[in-house]
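Taken in sequence, the protein lines are chains C and H. Counted from 1, the first sequence has number 403 at position 392 by our numbering; the numbering is strictly sequential. Counted from 1, the second sequence has number 416 at position 405 by our numbering; the numbering is strictly sequential. For each residue, glycine too, the CB sits at the ideal point set by N, CA and C.
Number of protein chains: 2
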Amino acid sequence: MITRYTQPSPEQWATITARPTASFADLAPKVQAIFERIKNEGDAALRDYTRAFDKVLIDELAVSPADIAAAEAQLTEPLKAAIALAYTNIEKFHAAQQTAPIEVDTQAGVRCWQEKRPIERVGLYIPGGTAPLFSTLLMLAIPAKLAGCKEIILCSPPNQDGEIAPEIRYVAHCCGIEKLYRIGGAQAIAALTFGTKTVPRVDKLFGPGNQYVTVAKQLATQYQLAIDMPAGPSELLVAADEICTPEFVAADLLSQAEHGPDSQVVLVSTSTAVLDAVDRAIAQQLPKLPRKAIATEALKHAKSVYLQSDAEVQAFVNTYAPEHYSVCVRNPKDYLQHLQHAGSVFIGPYTPESAGDYASGTNHTLPTNGYARQYSGVNLASFQKAITFQEISPEGLQAIGPSVALMAAAEGLDAHKNAVTIRLNSLANA
Amino acid sequence: MITRYTQPSPEQWATITARPTASFADLAPKVQAIFERIKNEGDAALRDYTRAFDKVLIDELAVSPADIAAAEAQLTEPLKAAIALAYTNIEKFHAAQQTAPIEVDTQAGVRCWQEKRPIERVGLYIPGGTAPLFSTLLMLAIPAKLAGCKEIILCSPPNQDGEIAPEIRYVAHCCGIEKLYRIGGAQAIAALTFGTKTVPRVDKLFGPGNQYVTVAKQLATQYQLAIDMPAGPSELLVAADEICTPEFVAADLLSQAEHGPDSQVVLVSTSTAVLDAVDRAIAQQLPKLPRKAIATEALKHAKSVYLQSDAEVQAFVNTYAPEHYSVCVRNPKDYLQHLQHAGSVFIGPYTPESAGDYASGTNHTLPTNGYARQYSGVNLASFQKAITFQEISPEGLQAIGPSVALMAAAEGLDAHKNAVTIRLNSLANA
């Protein structure tokens, strides 16, 4: 069922691990035009775009505190309990990422330290579409609160009734978010970039979205904003051998496939029997899925790869640099030891990717498209910046000053040298 | 001498703290053309651009190991000792930033952890120009080595003799860098972005540069690379009151002003007497500087601001978000407590900015242009990414599984739910 590659050569790996190419250049002019209008016309343009793209007339862009609080009554008690459990676990794992200041006397009299500070104003974007992705709001808002971000601004597109789904309003309420706007798409990103009369501008943007949102976030980086990471279609790579339960592996691959037709699904194994068994299990499970049409599309470009040795599988995984990496093998420690690039890793038979998507505690906003080579998933530090400090005593400056002066002179920067020597002379004459 | 603003209103702060605007749009087409040629023609285009821009014919792009090692003989012993001292301090401070894995049982049977891994291939760019900025190489290469980056690729433009300055080659030698290329400007960034026959492509780019290099780094982010941070002209803001030594403050402001005509120099004080005294000290020190012409240009747009209270000064500093922040006041603790945004902070009379530029141990690659609001300066984590892991026991899955299934169903993702229930059913039937 899934396209099979048997013992491909390392040269073929580049093709097998290639992702769909982004189309920044195609969409950039359209998104740039949206940015220009939001910059110049503000709220009026936001209402126009919402009418055009979301097919709904919005009078009030902001959701009122009463509307945010009212969502609680619309959720079932079991769902609220589930959200509470997820909240607690996500909070625990991200709170553990708090770091104490790092302080070092690099030499006597030269004290250096590093402290974290929150990013003051953060913008969270939660897509709309067929289902309300309230889990993503948990993943972004909880670390933002823990970091101490002063302003957390949330934008999400309105549904056909001009409302934000109650699940999203409820999670916003749980997270103490007071600034929630009925705005979606590139226009939401533009509003957060420039600010409008209603929507505050922010320092950093977080959250997933469609291609327009992705391009808009990239464009925002040209206007003094930072972004969490570049986005692409979601991915799962499973490495499995004879110890795996093929039905579990199939269920994980299908959970990835149902995200969208462009979802990336890869299975790698040292056993063709496992590849065969997973194929059979997929054939059995797929027809029962409500989103089987989407999953079927995604499976058309899915890959199943046979490689002879564990070492080859491990090397293949590093070449792919998966967003989600599921490890169901006899010797997971060996696999983890050789792992260089991945977003989040799921180990053993009872650790489905969906556990991490919702409630294990790890973050599900992760680097796709091979960006796991150089980007972390969203974590507490994503909402902070580090500031360094130094305080030097007279003795400390006497110790390092001559070296500073020499190096500054060698770089042709005499005023740098002078800033040291004027102090050293003053100490010598004291 | 420096333009004085007396008790400006908060509305005026926006104007006073504004930086020169970047010109991405103007330079982008030129840089894009360079990228296209390097992508298509590789090394041949690199040699062409080097002839055109650096006015020198380069046969071998790579500097040989013998040439790297030979630089040692060209440096004086005192300068080598100064570099050794700086190396040790920078290494100490960045080594202290190593983090242990963070491990949490978010609940019984749900183990989550986070580990850092090095970014495999990093590209360091060191500008050429009038002086060899070997100190920047120390600031980038030392944390790269500590992080465990496998490939460290260094590009720097050749001088008129087609060589890299011995200071840079010597520091490369000290840092164990074996891949050093005689390439500068946007063409170097393009080579590191696409790779050529000679120059390897990298995952992340670090280092300062002129406007072309800055635009090239931004462009590189569209081709799967990460960058350290967006760059702008260097900045120093000094907050000083009656306890400061005006001659020291003047020397610090001049050390910033000599960087370039676009350097940003700001002095804020609750005392007009201090502002006057610093003006006089600048007038006295400036004529003696070899780079006085550059410093004079920078001082033309420098600002000296009088504000009535410490609280206003502290708020002004946060509005400015300085790259370098020097604090020479009666109560530095109060100032530090209110600090939200800065790159690196220099405290007290004997802590000149130039100490941090070279040898205190902190990094001097810092966010400019207000980016201290959301970016950290280069630190050990800049060369790493964080990967999360989770391992769930059968009991753990039984505890969180029902919540995951409920949330997945509420998001309309039934295959996500199924990946949990297939396991829970299997456990129930076991």
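Boundaries of the alpha helix (DSSP H) in which residue i is found, first to last residue
i	result
residue 105 (chain H)	88–106
residue 192 (chain C)	Not the alpha helix (DSSP H): residue 192 (chain C) falls in the beta strand (DSSP E), residues 190–193.
residue 364 (chain H)	364–369
residue 412 (chain H)	405–421
residue 204 (chain C)	196–205
residue 346 (chain C)	343–348
residue 432 (chain H)	425–440
residue 129 (chain H)	Segment 121–129 is the beta strand (DSSP E) holding residue 129 (chain H); no alpha helix (DSSP H) there.
residue 147 (chain H)	145–158
residue 27 (chain C)	21–27
residue 47 (chain C)	35–52
Neighbourhood of residue i by C-beta distance below 7 angstroms, restricted to the same chain and skipping five residues each side
i	result
residue 282 (chain C)	252, 253
residue 370 (chain H)	96, 97, 100
residue 67 (chain C)	61, 169, 171, 173
residue 144 (chain C)	137, 138
residue 43 (chain H)	230
residue 65 (chain C)	168, 169, 195
residue 48 (chain H)	56
residue 381 (chain C)	30, 332
residue 367 (chain C)	355, 357, 373, 375
Spatial neighbours of residue i in its chain, beta-carbon cut-off 8 angstroms, leaving aside the 5 residues before and after
i	result
residue 245 (chain H)	267, 270, 271, 274, 275, 334, 335, 379
residue 284 (chain C)	253
Contact set for residue i: own chain, Cβ-Cβ below 6 angstroms, skip 5 residues either direction
i	result
residue 122 (chain H)	116, 402
residue 264 (chain H)	276
residue 292 (chain H)	257, 258, 261
residue 135 (chain C)	151, 165, 217, 218
residue 331 (chain C)	28, 248
residue 315 (chain C)	13, 15, 278, 286
residue 435 (chain C)	412
residue 354 (chain C)	334, 377, 378, 383, 388
residue 443 (chain C)	Beyond the ends of chain C as shown, which are 12 and 441, falls residue 443 (chain C); an answer cannot be given.
residue 419 (chain C)	427, 428
Enclosing beta strand (DSSP E) for residue i [first to last residue]
i	result
residue 215 (chain C)	215–217
residue 388 (chain H)	No beta strand (DSSP E) contains residue 388 (chain H), which DSSP labels as neither H nor E.
residue 336 (chain C)	335–339
residue 166 (chain C)	162–167
residue 246 (chain H)	246–251
residue 212 (chain H)	Run containing residue 212 (chain H): none; DSSP gives neither H nor E here.
residue 281 (chain C)	Where residue 281 (chain C) is concerned, there is no enclosing beta strand (DSSP E), given that its DSSP letter is neither H nor E.
CB contact check: residue i to chain D, cutoff 7 angstroms
i	result
residue 180 (chain H)	No chain D is present in this structure, whose protein chains are C and H.
Cβ contact (3+ pairs, closer than 8 angstroms) linking the stretch 218–232 of chain H and the stretch 252–268 of chain H: no
Sufficient close CB pairs (3 or more, under 8 angstroms) joining the stretch 171–181 of chain C to the stretch 16–31 of chain C: no
Touching by the beta-carbon criterion (3+ pairs, under 8 angstroms), the stretch 147–162 of chain H and the stretch 122–134 of chain C: no
Contact list for the stretch 156–170 of chain C against chain H, Cβ threshold 8 angstroms: none
Under 7 angstroms (Cβ pairs) to chain C, residues found in the stretch 299–323 of chain H: 300, 301, 302, 306
Touch test, the stretch 182–195 of chain H against the stretch 65–83 of chain H, Cβ-Cβ under 8 angstroms, three pairs minimum: yes
Under 9 angstroms (Cβ pairs) to chain H, residues found in the stretch 345–365 of chain C: 347, 350, 351, 352, 353, 354, 355, 356, 357, 358, 359, 360, 361, 362, 363, 364, 365
Short-range partners of chain C found in the stretch 410–427 of chain H, where Cβ spacing is below 8 angstroms: 411, 412, 413, 414, 415, 417, 418, 419, 421, 422, 423, 424, 425, 426, 427
Stretch-stretch touch, CB-based, cutoff 8 angstroms, three pairs: the stretch 156–165 of chain C with the stretch 197–217 of chain C: yes
Members of the stretch 42–66 of chain H that neighbour chain C once the beta carbon cut-off is set at 7 angstroms: none
Residues in the stretch 236–266 of chain H having any Cβ partner in chain C nearer than 8 angstroms: 236, 237, 241, 256, 258, 259, 262, 263, 265, 266
Short-range partners of chain C found in the stretch 68–97 of chain H, where Cβ spacing is below 8 angstroms: 89, 90, 92, 93, 94, 96, 97
At least three beta-carbon pairs within less than 8 angstroms, the stretch 413–432 of chain H to the stretch 298–309 of chain C: yes
Segment contact, 8 angstroms Cβ cut-off, at least three pairs: the stretch 45–57 of chain C with the stretch 208–217 of chain C: yes
Alpha helix (DSSP H) runs contained entirely in the stretch 286–339 of chain C, provided each spans 4 or more residues: 303–311, 321–331
Any 3 or more C-beta pairs closer than 8 angstroms across the stretch 386–400 of chain C and the stretch 373–388 of chain H: yes
Residues from the stretch 285–298 of chain H in contact with chain C, defined by Cβ distance under 8 angstroms: 296
Residues from the stretch 213–231 of chain C in contact with chain H, defined by Cβ distance under 7 angstroms: 214, 215
Selection of the stretch 368–382 of chain H by Cβ proximity to chain C, strictly under 9 angstroms: 368, 369, 370, 371, 372, 373, 374, 377, 378, 380, 381, 382
Residues from the stretch 381–402 of chain H in contact with chain C, defined by Cβ distance under 9 angstroms: 381, 382, 383, 384, 385, 386, 387, 388, 390, 392, 395, 396, 397, 398, 399, 400, 401, 402
Contacting positions in the stretch 141–155 of chain C - beta carbon closer than 8 angstroms to chain H: 141, 142, 143, 144, 145, 146
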